[in-house]
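Heads up: the structure comes next, in structure tokens.
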Amino acid sequence: MFKPFDHLLQELEFDEEFDTLISLGDIVNKGPESTPVIQKLSDINALAVRGNHDQKVIEWKAWFDQVESVKGGKEWLELGAPKNLKPKRALSLPKSWEWQGPHFQIAKELNDTTKEYLFNTPVLLHIPQHDLYAVHAGMLSHDPTKPKSAINPNHVNGDIDLWSIPQNTPDNMIEMRSIDPMGKPIKKPKGGVKWYEYWNKDMETCHGDKCIPHRIIYGHAAARGLDLNEYTYGLDTGCCQGRRLTAMVIHPESTIEAAHHHHHKKGRKGKGKKGDKKHKGDGNKGGDDDKKHKGDGNDEGNDKDGGKKKNSSKLKFERDVPISSATTGQIFSVGCI
């Protein structure tokens with residue numbers, strides 16, 4: 001959804017010279033014009049975490065590269081890889097891959113620039129100056145199958161070793177929604193305990209020099225709409241379903257009171273030094289952004305606010321949210337028509 005993404009950046013007065021954009025993943029296959037979104041993110045030096053749809057395109061592109069390394073493979077692909085001609089033996093595919101599907105087609109459209117950008121997206125981003133993490137789907141601060149007393153304080157400080165937690169695999173962090181009673185991540189919308197319930201409970205008891213509370217900004221869960229808890233902020237508001245594209249705008253070293261006054265005084269944020277504004281967006285084709293911008297854009301379900309689609313393309317101020325004792329975030333959205 002390139003047009004809503006570009007419109008949101010314009011409404012927020014995004015300036016690549018001063019601002020940093022972070023997409024929360026699924027920047028492809030969330031509407032038309034996937035590759036223009038990737039190109040735009042590359043052009044403005046935006047950061048992005050990897051989503052599950054991004055991963056599927058990456059896998060297809062890697063497969064294309066493998067095919068092209070075989071004699072005659074490049075010519076075969078250039079002829080269009082006929083729909084009724086499925087590769088066999090050495091070129092066989094995993095059962096979950098959709099031949100000639102949307103991820104296949106997007107992978108074929110990638111050029112060197114968009115391929116490099118997509119292939120270099122990490123699963124997790126740490127923004128230490130704000131005690132923040134950006135991830136597409138979710139992650140845990142401890143293994144719920146172990147007693148809470150076993151939580152290592154290092155999991156929630158600036159040197160976090162989140163990778164030691166068995167549930168925090170790359171595959172899970174781009175798709176998890178909940179955790180079952182055996183501690184196994186669930187990728188389907190229903191069942192289990194939502195991962196963020198564990199994170200918020202852990203952060204509530206995290207205080208002192210050895211344990212610094214961290215917040216997570218994520219996407220992936222469009223069915224829940226804008227989902228704001230004390231330590232987790234879900235920004236996927238279903239743009240590709242015709243709902244809204246959402247961004248969190250972070251002004252470093254600004255209090256809630258100061259940011260609120262600034263919003264009503266100017267209607268937007270003011271200019272600053274490079275990195276002063278961080279946009280995070282939900283990621284739908286470019287994501288809900290936040291100057292640092294974070295967001296995502298999965299396409300499931302309705303909003304929490306009654307399920308009605310909001311089609312106004314006008315910029316809407318949603319609310320202020322705390323980021324840290326010295327920093328606030330402001331949430332904005334535009335309609336996706």
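In the UniProt record's numbering, the protein residues as written are 1 to 337. Don't be surprised by glycine CBs; every beta carbon is placed ideally from N, CA and C. Please read all numbers here as calculations on a predicted model, not as lab measurements.
Distance between beta carbons of Cys206 and Met1, contact taken as under 8 Å: If you number the sequence shown from 1, residue 1 lands on position 1. If you number the sequence shown from 1, residue 206 lands on position 206. That pair is no contact at about 37 Å.
Contact set for Phe119: own chain, Cβ-Cβ below 8 Å, skip 5 residues either direction: Along the sequence shown, one-based indexing puts residue 119 at 119. Within the same chain, Phe119 has close Cβ partners Ile58, Lys61.
Pick from Trp163, Asp202, Arg224 that is closest to Lys190, judged by C-alpha positions: Working through the sequence shown from its first residue, we reach residue 190 at position 190. It is Arg224 whose Cα lies nearest to the Cα of Lys190.
8 Å Cβ cutoff met for Asp236 and Ala222: The residue labelled residue 236 in the question sits at position 236 within the sequence shown. The residue labelled residue 222 in the question sits at position 222 within the sequence shown. Cβ atoms of Asp236 and Ala222: closer than 8 Å.
beta-carbon His103 near the ligand SAH non-hydrogen atom, thresh 7 Å: Because no ligand of any kind appears in the structure shown, any question about the ligand SAH cannot be addressed here.
Member of Lys95, Ile106, Tyr117, Glu98 whose CA lies at the smallest distance from the CA of Ser42: To locate residue 42, count along the sequence shown from 1; it is residue 42. The candidate whose alpha carbon is nearest that of Ser42 is Tyr117.
Nearest residue (CA-CA) to Asn172, options Leu8, Gly51, Lys30: Position 172 of the sequence shown, counted from the first residue, corresponds to residue 172. Among Leu8, Gly51, Lys30, the Cα nearest to that of Asn172 is on Gly51.
Per DSSP, the bridge partner or partners of Tyr233: Locating residue 233 in the sequence shown gives position 233, where the first residue counts as 1. BP columns for Tyr233 point to Ile217, Leu228.
Cβ contact (3+ pairs, closer than 8 Å) linking the segment 127-135 and the segment 91-104: no
In DSSP terms, what Gly316 is bridged to: As a position in the sequence shown, residue 316 is number 316, starting the count at 1. In the sequence as displayed, the identity of residue 316 is Lys instead of Gly. In the DSSP output, where bridge partners are listed per residue, Lys316 has Ser333.
Beta-carbon separation (whole angstroms), Tyr196 vs Asn229, contact threshold 8 Å: Here residue 196 is taken as the residue at index 196 of the sequence shown, counted from 1. Here residue 229 is taken as the residue at index 229 of the sequence shown, counted from 1. Sure, about 6 Å apart at Cβ, within 8 Å.
Expected contact under 8 Å - CB spacing of Leu24 and Ile217 to nearest Å: The residue given as residue 24 occupies position 24 in the sequence shown. The residue given as residue 217 occupies position 217 in the sequence shown. Between Ile217 and Leu24 the Cβ distance is about 7 Å, and since that is below 8 Å, they are a contact.
Start-to-end residues for the beta strand (DSSP E) that takes in His126: Sequence index remark: in the sequence shown, residue 126 carries index 126 (1-based). From DSSP, the beta strand (DSSP E) with His126 extends over 124-127.
Segment limits, beta strand (DSSP E) that includes Val135: The residue labelled residue 135 in the question sits at position 135 within the sequence shown. Note, Val135: beta strand (DSSP E), 132-135.
In DSSP terms, what Lys194 is bridged to: Counted from its first residue, the sequence shown places residue 194 at position 194. According to DSSP, which records beta bridges pairwise, Lys194 is partnered with Ser178.
Reference Ile44, options Ile212, Asp26, Leu9, Pro32, closest by Cα: The sequence position of residue 44 within the sequence shown is 44, counting from 1. Among Ile212, Asp26, Leu9, Pro32, the Cα nearest to that of Ile44 belongs to Leu9.
Which of helix, strand or coil DSSP assigns to Val28: By one-based count along the sequence shown, residue 28 stands at place 28. Val28: coil per DSSP, three-state reduction.
C-alpha gap between Leu77 and Lys71, whole angstroms: Counted from its first residue, the sequence shown places residue 77 at position 77. Counted from its first residue, the sequence shown places residue 71 at position 71. Using only the alpha carbons, I get a separation of about 12 Å.
CA nearest to the CA of Asp143, picked from Glu175, Asp202, Pro122, Lys316: Counting from 1 along the sequence shown, the entry for residue 143 is found at position 143. Among Glu175, Asp202, Pro122, Lys316, the Cα nearest to that of Asp143 belongs to Asp202.
Endpoints, alpha helix (DSSP H) assigned at Trp76: The residue given as residue 76 occupies position 76 in the sequence shown. Counting along the chain, the alpha helix (DSSP H) containing Trp76 begins and ends at 73-78.
Cβ neighbour criterion (16 or more within 10 Å) applied to Thr113: Working through the sequence shown from its first residue, we reach residue 113 at position 113. With fewer than 16 Cβ atoms within 10 Å of its Cβ, Thr113 is classed as exposed.
CB-CB length for residue 370 against Asp320, believed under 8 Å: Absent from the model: residue 370. The displayed extent of the chain is 1 to 337, so no value can be given.
Cβ-based neighbour list, residue 378, same chain, cut-off 8 Å, excluding 5 preceding and 5 following: With the chain represented from 1 up to 337, any question about residue 378 goes unanswered, as that position is not in the structure.
Residue from Ile331, His126, Arg177, Gly242 whose Cα sits closest to the Cα of Val49: Position 49 of the sequence shown holds residue 49. Among Ile331, His126, Arg177, Gly242, the Cα nearest to that of Val49 belongs to His126.
Option in Leu315, Ala46, Ser325 with minimal Cα separation from Val334: Position 334 of the sequence shown, counted from the first residue, corresponds to residue 334. It is Leu315.
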